[in-house]
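Numbering (our numbering), first residue to last: 3 to 475.
Encoded as C-alpha coordinates, the structure appears first; notes follow it.
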(Lines of atoms letter the chains of each structure in order from A and count residues from 1; the text may use other names and numbers.)
(Lines give C-alpha, C1' and ligand atoms only; values in the text may rest on other atoms or scores of the structure.)
Protein backbone atom coordinates (compact mmCIF):
# COMPACT_ATOMS: atom_id res chain seq x y z
CA UNK A 1 0.00 0.00 0.00
CA UNK A 2 1.34 3.38 -1.05
CA UNK A 3 -0.24 6.56 0.32
CA UNK A 4 0.44 10.08 -0.94
CA UNK A 5 -0.88 13.18 0.80
CA UNK A 6 -2.29 15.45 -1.92
CA UNK A 7 -3.45 18.25 0.37
CA UNK A 8 -6.12 19.21 2.94
CA UNK A 9 -8.35 16.08 3.22
CA UNK A 10 -7.18 14.46 -0.01
CA UNK A 11 -5.00 11.34 0.07
CA UNK A 12 -4.21 8.96 -2.78
CA UNK A 13 -4.09 5.27 -1.82
CA UNK A 14 -2.53 2.89 -4.36
CA UNK A 15 -2.93 -0.87 -3.91
CA UNK A 16 -1.61 -2.71 -6.92
CA UNK A 17 -4.11 -2.06 -9.70
CA UNK A 18 -6.62 -0.19 -7.49
CA UNK A 19 -6.36 3.51 -6.62
CA UNK A 20 -8.61 5.50 -4.29
CA UNK A 21 -8.58 9.30 -3.98
CA UNK A 22 -10.38 10.99 -1.11
CA UNK A 23 -12.12 14.37 -0.90
CA UNK A 24 -10.46 16.15 -3.85
CA UNK A 25 -10.42 19.94 -3.52
CA UNK A 26 -7.89 22.19 -5.23
CA UNK A 27 -9.70 24.22 -7.89
CA UNK A 28 -10.49 27.60 -6.35
CA UNK A 29 -11.75 28.45 -2.85
CA UNK A 30 -14.66 26.97 -0.94
CA UNK A 31 -17.46 28.42 1.16
CA UNK A 32 -17.65 31.34 -1.23
CA UNK A 33 -14.27 33.04 -1.20
CA UNK A 34 -13.47 32.19 2.41
CA UNK A 35 -11.21 29.11 2.54
CA UNK A 36 -8.18 28.66 0.32
CA UNK A 37 -5.97 25.59 0.03
CA UNK A 38 -2.59 26.14 1.66
CA UNK A 39 0.04 24.79 1.26
CA UNK A 40 -0.59 24.18 -2.44
CA UNK A 41 -1.81 20.62 -3.15
CA UNK A 42 0.69 18.15 -4.59
CA UNK A 43 -0.99 17.47 -7.94
CA UNK A 44 2.13 15.97 -9.51
CA UNK A 45 1.19 12.62 -7.94
CA UNK A 46 -2.03 12.59 -9.98
CA UNK A 47 -0.47 13.54 -13.30
CA UNK A 48 -0.19 10.04 -14.80
CA UNK A 49 -2.40 8.25 -12.30
CA UNK A 50 -5.62 6.46 -13.20
CA UNK A 51 -8.07 7.07 -10.36
CA UNK A 52 -10.43 4.13 -10.00
CA UNK A 53 -12.44 5.40 -7.04
CA UNK A 54 -13.08 8.74 -5.39
CA UNK A 55 -14.32 8.75 -1.80
CA UNK A 56 -16.44 11.73 -0.69
CA UNK A 57 -16.67 11.70 3.09
CA UNK A 58 -19.43 14.28 3.60
CA UNK A 59 -21.11 17.29 2.06
CA UNK A 60 -19.01 20.18 3.37
CA UNK A 61 -17.60 22.15 0.47
CA UNK A 62 -13.95 21.42 1.31
CA UNK A 63 -14.70 17.69 0.95
CA UNK A 64 -17.41 17.64 -1.72
CA UNK A 65 -16.09 20.26 -4.14
CA UNK A 66 -17.98 20.21 -7.46
CA UNK A 67 -15.49 22.58 -9.12
CA UNK A 68 -12.65 20.11 -8.56
CA UNK A 69 -14.73 17.03 -9.37
CA UNK A 70 -15.60 18.51 -12.77
CA UNK A 71 -11.90 18.35 -13.70
CA UNK A 72 -11.65 14.60 -13.01
CA UNK A 73 -12.35 11.72 -15.38
CA UNK A 74 -15.87 10.32 -15.33
CA UNK A 75 -14.27 6.88 -15.60
CA UNK A 76 -13.68 7.17 -11.85
CA UNK A 77 -16.47 5.83 -9.64
CA UNK A 78 -17.43 7.80 -6.55
CA UNK A 79 -17.89 6.08 -3.18
CA UNK A 80 -20.34 7.63 -0.71
CA UNK A 81 -22.18 6.41 2.37
CA UNK A 82 -25.67 5.10 1.73
CA UNK A 83 -28.37 7.29 3.24
CA UNK A 84 -26.54 10.60 2.88
CA UNK A 85 -27.55 13.37 0.48
CA UNK A 86 -24.41 12.99 -1.65
CA UNK A 87 -25.40 10.39 -4.24
CA UNK A 88 -27.77 12.59 -6.25
CA UNK A 89 -25.50 15.65 -6.70
CA UNK A 90 -22.54 13.39 -7.55
CA UNK A 91 -24.60 11.64 -10.24
CA UNK A 92 -25.60 15.04 -11.61
CA UNK A 93 -21.88 15.67 -12.19
CA UNK A 94 -21.78 12.59 -14.42
CA UNK A 95 -20.16 10.03 -12.10
CA UNK A 96 -21.23 6.49 -11.38
CA UNK A 97 -21.87 6.20 -7.65
CA UNK A 98 -21.08 3.31 -5.31
CA UNK A 99 -23.20 3.61 -2.15
CA UNK A 100 -21.97 1.64 0.86
CA UNK A 101 -23.91 0.87 4.02
CA UNK A 102 -22.28 0.62 7.44
CA UNK A 103 -21.98 -3.17 7.23
CA UNK A 104 -20.99 -3.38 3.57
CA UNK A 105 -17.54 -4.62 2.58
CA UNK A 106 -16.63 -3.46 -0.93
CA UNK A 107 -14.00 -5.55 -2.71
CA UNK A 108 -13.05 -3.62 -5.85
CA UNK A 109 -10.23 -5.61 -7.34
CA UNK A 110 -7.25 -7.74 -6.36
CA UNK A 111 -7.70 -10.33 -3.67
CA UNK A 112 -7.34 -8.80 -0.22
CA UNK A 113 -8.36 -5.24 -1.14
CA UNK A 114 -11.49 -4.12 0.71
CA UNK A 115 -13.15 -0.83 1.58
CA UNK A 116 -15.69 0.10 4.24
CA UNK A 117 -17.52 3.39 4.83
CA UNK A 118 -19.16 4.08 8.19
CA UNK A 119 -21.49 6.92 9.11
CA UNK A 120 -20.48 8.43 12.43
CA UNK A 121 -22.01 11.69 13.62
CA UNK A 122 -23.80 14.64 12.02
CA UNK A 123 -23.59 13.21 8.46
CA UNK A 124 -19.85 12.59 8.75
CA UNK A 125 -18.32 9.30 7.60
CA UNK A 126 -15.00 7.51 7.82
CA UNK A 127 -13.37 5.06 5.43
CA UNK A 128 -11.23 1.99 6.07
CA UNK A 129 -9.01 0.53 3.35
CA UNK A 130 -6.95 -2.64 3.51
CA UNK A 131 -4.91 -4.46 0.91
CA UNK A 132 -4.79 -7.60 3.03
CA UNK A 133 -1.47 -6.63 4.57
CA UNK A 134 -1.87 -3.05 5.81
CA UNK A 135 -4.83 -1.02 7.07
CA UNK A 136 -5.44 2.69 6.51
CA UNK A 137 -8.13 4.63 8.40
CA UNK A 138 -9.31 7.88 6.84
CA UNK A 139 -11.15 9.62 9.68
CA UNK A 140 -11.24 13.09 8.04
CA UNK A 141 -13.72 15.14 10.18
CA UNK A 142 -15.65 12.13 11.49
CA UNK A 143 -14.45 11.74 15.09
CA UNK A 144 -12.28 14.54 16.48
CA UNK A 145 -15.30 16.84 17.01
CA UNK A 146 -17.79 14.06 17.84
CA UNK A 147 -19.17 13.48 21.35
CA UNK A 148 -17.09 11.24 23.60
CA UNK A 149 -19.61 8.40 23.43
CA UNK A 150 -19.46 8.41 19.61
CA UNK A 151 -15.66 8.37 19.70
CA UNK A 152 -15.63 5.44 22.12
CA UNK A 153 -18.15 3.47 20.04
CA UNK A 154 -16.18 3.78 16.81
CA UNK A 155 -12.75 3.28 18.33
CA UNK A 156 -14.00 -0.01 19.82
CA UNK A 157 -15.57 -1.05 16.54
CA UNK A 158 -12.50 -0.21 14.47
CA UNK A 159 -10.14 -2.02 16.83
CA UNK A 160 -12.36 -5.09 16.76
CA UNK A 161 -12.37 -5.10 12.95
CA UNK A 162 -8.66 -4.29 12.68
CA UNK A 163 -6.55 -5.38 15.68
CA UNK A 164 -3.49 -3.98 13.89
CA UNK A 165 -3.70 -0.61 12.12
CA UNK A 166 -0.82 0.85 10.15
CA UNK A 167 -2.00 4.35 9.18
CA UNK A 168 -4.52 6.80 10.66
CA UNK A 169 -5.28 10.08 8.92
CA UNK A 170 -7.38 12.22 11.27
CA UNK A 171 -8.65 15.80 11.11
CA UNK A 172 -8.03 18.28 13.89
CA UNK A 173 -10.03 21.44 13.38
CA UNK A 174 -11.00 24.65 11.55
CA UNK A 175 -14.38 23.59 10.12
CA UNK A 176 -16.36 26.24 11.98
CA UNK A 177 -16.85 29.99 12.15
CA UNK A 178 -16.46 29.58 15.91
CA UNK A 179 -14.88 31.30 17.87
CA UNK A 180 -12.81 33.42 15.46
CA UNK A 181 -15.84 35.22 14.01
CA UNK A 182 -16.78 36.88 17.32
CA UNK A 183 -15.66 40.35 18.38
CA UNK A 184 -16.06 40.98 22.12
CA UNK A 185 -14.69 43.90 24.15
CA UNK A 186 -11.46 42.85 25.87
CA UNK A 187 -11.19 39.56 23.99
CA UNK A 188 -7.70 38.28 23.19
CA UNK A 189 -8.54 36.93 19.74
CA UNK A 190 -5.20 35.19 19.15
CA UNK A 191 -5.27 33.42 22.53
CA UNK A 192 -8.91 32.44 22.02
CA UNK A 193 -8.15 30.90 18.62
CA UNK A 194 -5.18 29.01 20.08
CA UNK A 195 -7.28 27.86 23.06
CA UNK A 196 -9.91 26.30 20.81
CA UNK A 197 -7.28 24.72 18.55
CA UNK A 198 -5.50 23.28 21.58
CA UNK A 199 -8.67 21.35 22.48
CA UNK A 200 -8.93 19.73 19.05
CA UNK A 201 -5.22 18.93 19.03
CA UNK A 202 -5.83 16.92 22.18
CA UNK A 203 -8.84 15.21 20.65
CA UNK A 204 -6.59 14.17 17.77
CA UNK A 205 -3.96 12.89 20.21
CA UNK A 206 -6.59 10.97 22.21
CA UNK A 207 -7.87 9.16 19.11
CA UNK A 208 -4.35 8.23 18.01
CA UNK A 209 -3.55 6.84 21.47
CA UNK A 210 -6.72 4.74 21.51
CA UNK A 211 -6.40 3.40 17.96
CA UNK A 212 -2.68 2.59 18.40
CA UNK A 213 -1.61 2.73 14.74
CA UNK A 214 1.96 2.45 13.58
CA UNK A 215 1.66 5.97 12.11
CA UNK A 216 -0.65 8.90 12.91
CA UNK A 217 -1.03 11.84 10.53
CA UNK A 218 -2.95 15.10 11.15
CA UNK A 219 -4.66 16.38 8.01
CA UNK A 220 -7.87 18.01 6.68
CA UNK A 221 -6.94 21.48 7.95
CA UNK A 222 -4.75 22.86 5.16
CA UNK A 223 -6.64 26.12 4.72
CA UNK A 224 -5.96 29.82 5.13
CA UNK A 225 -8.36 32.73 5.51
CA UNK A 226 -7.69 35.53 3.02
CA UNK A 227 -10.51 37.96 3.81
CA UNK A 228 -9.03 40.82 5.82
CA UNK A 229 -11.44 40.39 8.75
CA UNK A 230 -9.98 36.93 9.47
CA UNK A 231 -6.47 37.14 8.03
CA UNK A 232 -5.12 37.51 11.58
CA UNK A 233 -6.41 33.99 12.46
CA UNK A 234 -3.96 32.12 10.22
CA UNK A 235 -0.96 32.32 12.53
CA UNK A 236 -2.61 31.43 15.90
CA UNK A 237 -4.58 28.62 14.24
CA UNK A 238 -1.60 27.00 12.55
CA UNK A 239 1.50 28.15 14.42
CA UNK A 240 0.80 27.57 18.10
CA UNK A 241 0.69 24.00 19.36
CA UNK A 242 0.43 21.35 16.62
CA UNK A 243 -1.47 18.03 17.05
CA UNK A 244 1.78 16.08 16.89
CA UNK A 245 3.25 18.32 19.62
CA UNK A 246 0.24 17.60 21.83
CA UNK A 247 0.58 13.86 21.24
CA UNK A 248 4.28 13.76 22.06
CA UNK A 249 3.94 15.89 25.18
CA UNK A 250 1.07 13.78 26.52
CA UNK A 251 2.45 10.40 25.42
CA UNK A 252 6.26 10.56 25.48
CA UNK A 253 6.63 6.77 25.70
CA UNK A 254 4.18 5.90 22.92
CA UNK A 255 5.51 3.67 20.12
CA UNK A 256 3.25 5.43 17.59
CA UNK A 257 5.12 7.53 15.02
CA UNK A 258 3.29 10.82 14.45
CA UNK A 259 4.33 13.04 11.55
CA UNK A 260 3.12 16.58 10.80
CA UNK A 261 2.84 16.08 7.05
CA UNK A 262 2.61 18.54 4.17
CA UNK A 263 1.36 17.95 0.61
CA UNK A 264 3.64 15.56 -1.27
CA UNK A 265 4.42 13.31 1.69
CA UNK A 266 4.37 9.64 0.63
CA UNK A 267 4.71 6.39 2.56
CA UNK A 268 4.72 2.75 1.45
CA UNK A 269 4.89 -0.41 3.55
CA UNK A 270 5.91 1.65 6.57
CA UNK A 271 8.77 3.40 4.75
CA UNK A 272 8.69 7.11 3.99
CA UNK A 273 9.19 7.50 0.23
CA UNK A 274 8.97 11.28 0.02
CA UNK A 275 9.51 13.67 2.90
CA UNK A 276 7.30 16.74 3.10
CA UNK A 277 6.69 18.27 6.50
CA UNK A 278 4.46 21.05 7.75
CA UNK A 279 6.04 24.51 8.08
CA UNK A 280 4.76 27.50 10.07
CA UNK A 281 2.38 29.86 8.29
CA UNK A 282 3.93 33.29 7.78
CA UNK A 283 1.63 36.28 7.24
CA UNK A 284 4.12 38.27 5.18
CA UNK A 285 4.78 35.27 2.95
CA UNK A 286 1.05 34.68 2.47
CA UNK A 287 0.54 38.29 1.40
CA UNK A 288 3.33 37.97 -1.16
CA UNK A 289 2.64 34.54 -2.62
CA UNK A 290 -1.17 34.74 -2.56
CA UNK A 291 -1.53 38.37 -3.64
CA UNK A 292 -3.99 37.67 -6.47
CA UNK A 293 -6.11 35.35 -4.34
CA UNK A 294 -6.23 37.92 -1.52
CA UNK A 295 -7.47 40.53 -3.98
CA UNK A 296 -10.17 38.13 -5.17
CA UNK A 297 -11.21 37.22 -1.64
CA UNK A 298 -11.71 40.89 -0.72
CA UNK A 299 -13.58 41.99 -3.84
CA UNK A 300 -17.15 42.97 -2.96
CA UNK A 301 -19.95 43.90 -5.34
CA UNK A 302 -22.13 46.92 -4.67
CA UNK A 303 -25.29 46.07 -2.69
CA UNK A 304 -28.50 47.97 -3.49
CA UNK A 305 -31.36 48.87 -1.17
CA UNK A 306 -33.65 46.59 -3.20
CA UNK A 307 -31.33 43.61 -2.65
CA UNK A 308 -31.30 44.29 1.10
CA UNK A 309 -35.11 44.47 1.13
CA UNK A 310 -35.32 41.05 -0.57
CA UNK A 311 -33.19 39.53 2.20
CA UNK A 312 -35.18 41.43 4.84
CA UNK A 313 -38.38 39.81 3.52
CA UNK A 314 -36.81 36.36 3.96
CA UNK A 315 -35.80 37.22 7.52
CA UNK A 316 -39.31 38.51 8.26
CA UNK A 317 -40.71 35.11 7.25
CA UNK A 318 -38.29 33.49 9.69
CA UNK A 319 -39.37 35.91 12.42
CA UNK A 320 -42.97 34.83 11.95
CA UNK A 321 -42.03 31.14 11.88
CA UNK A 322 -39.85 31.46 15.00
CA UNK A 323 -42.23 33.71 16.97
CA UNK A 324 -42.97 31.24 19.76
CA UNK A 325 -39.28 30.42 20.21
CA UNK A 326 -38.23 34.09 20.21
CA UNK A 327 -40.94 35.00 22.75
CA UNK A 328 -39.55 32.40 25.16
CA UNK A 329 -36.38 34.50 25.55
CA UNK A 330 -37.14 36.65 28.59
CA UNK A 331 -34.92 39.62 27.80
CA UNK A 332 -34.91 42.31 25.14
CA UNK A 333 -32.32 42.82 22.42
CA UNK A 334 -31.28 44.88 19.40
CA UNK A 335 -29.60 43.25 16.43
CA UNK A 336 -28.07 44.92 13.39
CA UNK A 337 -27.27 43.03 10.19
CA UNK A 338 -24.75 44.85 8.02
CA UNK A 339 -23.63 44.04 4.49
CA UNK A 340 -20.18 44.72 3.12
CA UNK A 341 -20.21 47.54 0.58
CA UNK A 342 -23.77 48.65 1.38
CA UNK A 343 -25.24 51.70 3.06
CA UNK A 344 -28.31 49.72 4.15
CA UNK A 345 -28.79 47.22 6.93
CA UNK A 346 -31.52 45.24 8.69
CA UNK A 347 -32.55 46.17 12.23
CA UNK A 348 -34.17 43.54 14.47
CA UNK A 349 -35.48 44.53 17.89
CA UNK A 350 -37.30 42.62 20.64
CA UNK A 351 -39.26 44.43 23.33
CA UNK A 352 -41.26 42.05 25.48
CA UNK A 353 -43.16 39.78 23.09
CA UNK A 354 -42.91 42.20 20.20
CA UNK A 355 -40.17 41.48 17.63
CA UNK A 356 -39.77 43.71 14.57
CA UNK A 357 -37.40 43.90 11.61
CA UNK A 358 -36.91 46.88 9.29
CA UNK A 359 -34.45 48.00 6.62
CA UNK A 360 -32.51 51.07 7.72
CA UNK A 361 -30.02 53.44 6.12
CA UNK A 362 -26.64 53.40 7.85
CA UNK A 363 -24.53 56.41 8.69
CA UNK A 364 -20.97 55.49 9.66
CA UNK A 365 -20.78 58.60 11.84
CA UNK A 366 -23.96 57.74 13.79
CA UNK A 367 -24.49 54.00 14.10
CA UNK A 368 -27.53 52.80 16.07
CA UNK A 369 -26.93 51.33 19.53
CA UNK A 370 -27.08 47.55 19.14
CA UNK A 371 -26.37 44.56 21.38
CA UNK A 372 -25.05 42.31 18.60
CA UNK A 373 -24.24 43.13 15.00
CA UNK A 374 -23.60 40.67 12.19
CA UNK A 375 -21.55 41.72 9.16
CA UNK A 376 -21.54 39.53 6.06
CA UNK A 377 -21.74 39.55 2.28
CA UNK A 378 -25.32 39.78 1.08
CA UNK A 379 -24.97 36.81 -1.34
CA UNK A 380 -23.76 34.64 1.56
CA UNK A 381 -26.78 35.46 3.73
CA UNK A 382 -29.20 35.07 0.83
CA UNK A 383 -27.69 31.66 0.07
CA UNK A 384 -28.04 30.66 3.73
CA UNK A 385 -31.69 31.72 3.76
CA UNK A 386 -32.72 29.99 0.54
CA UNK A 387 -30.63 26.86 -0.08
CA UNK A 388 -30.70 23.45 1.65
CA UNK A 389 -27.66 23.35 3.97
CA UNK A 390 -26.98 26.92 2.80
CA UNK A 391 -26.15 28.04 6.33
CA UNK A 392 -22.87 26.13 6.05
CA UNK A 393 -21.47 29.13 4.16
CA UNK A 394 -21.94 31.18 7.34
CA UNK A 395 -21.33 28.71 10.14
CA UNK A 396 -19.10 25.92 8.80
CA UNK A 397 -17.23 28.44 6.74
CA UNK A 398 -16.55 31.86 8.20
CA UNK A 399 -19.13 33.89 6.35
CA UNK A 400 -19.68 36.75 8.76
CA UNK A 401 -18.58 38.51 11.94
CA UNK A 402 -20.66 38.79 15.12
CA UNK A 403 -19.79 41.83 17.21
CA UNK A 404 -20.88 42.30 20.81
CA UNK A 405 -21.08 45.61 22.60
CA UNK A 406 -20.46 44.15 26.06
CA UNK A 407 -19.09 40.99 27.65
CA UNK A 408 -22.28 40.23 29.61
CA UNK A 409 -24.35 39.67 26.48
CA UNK A 410 -21.55 37.53 25.04
CA UNK A 411 -21.61 35.38 28.18
CA UNK A 412 -25.29 34.74 27.49
CA UNK A 413 -24.54 33.68 23.89
CA UNK A 414 -27.13 36.19 22.69
CA UNK A 415 -25.97 35.70 19.10
CA UNK A 416 -27.79 32.35 19.11
CA UNK A 417 -31.11 34.21 18.97
CA UNK A 418 -29.98 35.97 15.80
CA UNK A 419 -28.44 32.85 14.25
CA UNK A 420 -31.85 31.13 14.27
CA UNK A 421 -33.04 33.78 11.81
CA UNK A 422 -30.08 33.56 9.42
CA UNK A 423 -30.75 30.12 7.90
CA UNK A 424 -33.35 28.57 5.68
CA UNK A 425 -36.19 27.23 7.80
CA UNK A 426 -38.86 24.66 7.01
CA UNK A 427 -40.32 24.97 10.49
CA UNK A 428 -39.73 26.62 13.88
CA UNK A 429 -36.71 25.76 16.05
CA UNK A 430 -37.01 23.05 18.66
CA UNK A 431 -38.43 24.35 21.97
CA UNK A 432 -35.79 26.17 23.98
CA UNK A 433 -36.01 23.75 26.91
CA UNK A 434 -36.84 20.60 24.97
CA UNK A 435 -39.83 18.71 26.36
CA UNK A 436 -39.31 20.26 29.81
CA UNK A 437 -40.42 23.55 31.25
CA UNK A 438 -37.81 26.19 32.04
CA UNK A 439 -38.08 25.37 35.76
CA UNK A 440 -37.45 21.66 35.22
CA UNK A 441 -34.63 22.35 32.74
CA UNK A 442 -32.84 24.69 35.15
CA UNK A 443 -33.29 22.22 38.02
CA UNK A 444 -31.65 19.46 35.95
CA UNK A 445 -28.74 21.75 35.10
CA UNK A 446 -28.30 22.68 38.77
CA UNK A 447 -28.20 18.99 39.78
CA UNK A 448 -25.61 18.24 37.09
CA UNK A 449 -23.48 21.09 38.40
CA UNK A 450 -23.77 19.84 41.99
CA UNK A 451 -22.59 16.34 41.08
CA UNK A 452 -19.85 17.72 38.84
CA UNK A 453 -21.36 16.48 35.58
CA UNK A 454 -21.56 19.38 33.19
CA UNK A 455 -21.78 18.74 29.47
CA UNK A 456 -19.16 20.78 27.66
CA UNK A 457 -20.72 23.20 25.20
CA UNK A 458 -18.29 23.40 22.28
CA UNK A 459 -20.17 26.39 20.89
CA UNK A 460 -20.43 28.52 24.01
CA UNK A 461 -18.37 31.70 24.03
CA UNK A 462 -17.72 31.23 27.74
CA UNK A 463 -16.02 27.89 27.06
CA UNK A 464 -13.29 29.29 24.81
CA UNK A 465 -13.00 33.06 25.06
CA UNK A 466 -9.76 34.31 26.58
CA UNK A 467 -9.74 37.92 27.68
CA UNK A 468 -6.61 40.00 27.83
CA UNK A 469 -4.50 39.14 30.91
CA UNK A 470 -6.37 35.81 31.31
CA UNK A 471 -4.50 32.52 31.37
CA UNK A 472 -5.22 30.03 28.59
CA UNK A 473 -6.90 26.94 30.02
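We put the CB at the ideal spot given by N, CA and C, even for glycine.
Quick caveat, the model's predicted, so the values are computed rather than measured.
Under the three-state DSSP convention, the category residue i falls into
{"i": "residue 119", "result": "strand"}
{"i": "residue 184", "result": "strand"}
{"i": "residue 369", "result": "coil"}
{"i": "residue 90", "result": "helix"}
{"i": "residue 287", "result": "helix"}
{"i": "residue 253", "result": "coil"}
{"i": "residue 69", "result": "helix"}
{"i": "residue 377", "result": "strand"}
{"i": "residue 384", "result": "helix"}
{"i": "residue 402", "result": "strand"}
{"i": "residue 434", "result": "coil"}
{"i": "residue 328", "result": "helix"}
{"i": "residue 421", "result": "helix"}
{"i": "residue 465", "result": "helix"}
{"i": "residue 134", "result": "coil"}
{"i": "residue 155", "result": "helix"}
{"i": "residue 363", "result": "strand"}
{"i": "residue 391", "result": "coil"}
{"i": "residue 476", "result": "With the chain covering only 3 through 475, there is no way to say anything about residue 476."}
{"i": "residue 426", "result": "coil"}
{"i": "residue 204", "result": "helix"}
{"i": "residue 239", "result": "helix"}
{"i": "residue 279", "result": "strand"}
Within 8 Å, strictly: CB atoms of residue i and residue j
{"i": "residue 170", "j": "residue 139", "result": "yes"}
{"i": "residue 174", "j": "residue 202", "result": "yes"}
{"i": "residue 249", "j": "residue 210", "result": "yes"}
{"i": "residue 41", "j": "residue 265", "result": "yes"}
{"i": "residue 435", "j": "residue 373", "result": "no"}
{"i": "residue 11", "j": "residue 182", "result": "no"}
{"i": "residue 420", "j": "residue 376", "result": "yes"}
{"i": "residue 122", "j": "residue 152", "result": "yes"}
{"i": "residue 347", "j": "residue 364", "result": "yes"}
{"i": "residue 207", "j": "residue 241", "result": "no"}
{"i": "residue 5", "j": "residue 268", "result": "yes"}
{"i": "residue 236", "j": "residue 285", "result": "yes"}
{"i": "residue 50", "j": "residue 78", "result": "no"}
{"i": "residue 227", "j": "residue 386", "result": "no"}
{"i": "residue 415", "j": "residue 460", "result": "no"}
{"i": "residue 396", "j": "residue 424", "result": "yes"}
{"i": "residue 112", "j": "residue 225", "result": "no"}
{"i": "residue 263", "j": "residue 214", "result": "no"}
{"i": "residue 60", "j": "residue 8", "result": "no"}
{"i": "residue 409", "j": "residue 68", "result": "no"}
{"i": "residue 118", "j": "residue 102", "result": "yes"}
{"i": "residue 239", "j": "residue 297", "result": "no"}
Anticipated Cβ contact below 8 Å, residue i with residue j, distance rounded
{"i": "residue 344", "j": "residue 313", "result": "With a Cβ gap of about 10 Å, residue 344 and residue 313 do not count as contacting."}
{"i": "residue 272", "j": "residue 216", "result": "6 Å"}
{"i": "residue 197", "j": "residue 27", "result": "With 8 Å as the limit, residue 197 and residue 27 do not qualify as a contact, their Cβ atoms being about 28 Å apart."}
{"i": "residue 14", "j": "residue 58", "result": "Contact doesn't hold; Cβ gap of about 15 Å is too wide."}
{"i": "residue 83", "j": "residue 398", "result": "Contact flag wrong, Cβ pair sits at about 18 Å."}
{"i": "residue 468", "j": "residue 247", "result": "Rounded, the Cβ-Cβ distance is 19 Å, inconsistent with contact."}
{"i": "residue 132", "j": "residue 116", "result": "6 Å"}
{"i": "residue 403", "j": "residue 231", "result": "6 Å"}
{"i": "residue 426", "j": "residue 388", "result": "6 Å"}
Local Cβ density within 10 Å of residue i, reported as buried at 16 or more and exposed below that
{"i": "residue 367", "result": "exposed"}
{"i": "residue 259", "result": "exposed"}
{"i": "residue 315", "result": "exposed"}
{"i": "residue 32", "result": "buried"}
{"i": "residue 109", "result": "exposed"}
{"i": "residue 352", "result": "buried"}
{"i": "residue 290", "result": "exposed"}
{"i": "residue 476", "result": "Here the chain has residues from 3 to 475 only, and residue 476 is not among them."}
{"i": "residue 107", "result": "exposed"}
{"i": "residue 219", "result": "buried"}
{"i": "residue 301", "result": "exposed"}
{"i": "residue 279", "result": "exposed"}
{"i": "residue 449", "result": "exposed"}
Residues sharing a beta bridge with residue i, DSSP
{"i": "residue 23", "result": "14, 56"}
{"i": "residue 38", "result": "226"}
{"i": "residue 269", "result": "5, 274"}
{"i": "residue 220", "result": "172"}
{"i": "residue 264", "result": "Partner(s): none; residue 264 has no beta bridge."}
{"i": "residue 28", "result": "Answer is none; residue 28 lacks a bridge partner."}
{"i": "residue 98", "result": "79"}
{"i": "residue 352", "result": "335, 357"}
{"i": "residue 193", "result": "Residue 193 is not bridged to any residue."}
{"i": "residue 128", "result": "120"}
{"i": "residue 139", "result": "130, 170"}
{"i": "residue 346", "result": "363"}
{"i": "residue 259", "result": "217"}
{"i": "residue 340", "result": "347, 377"}
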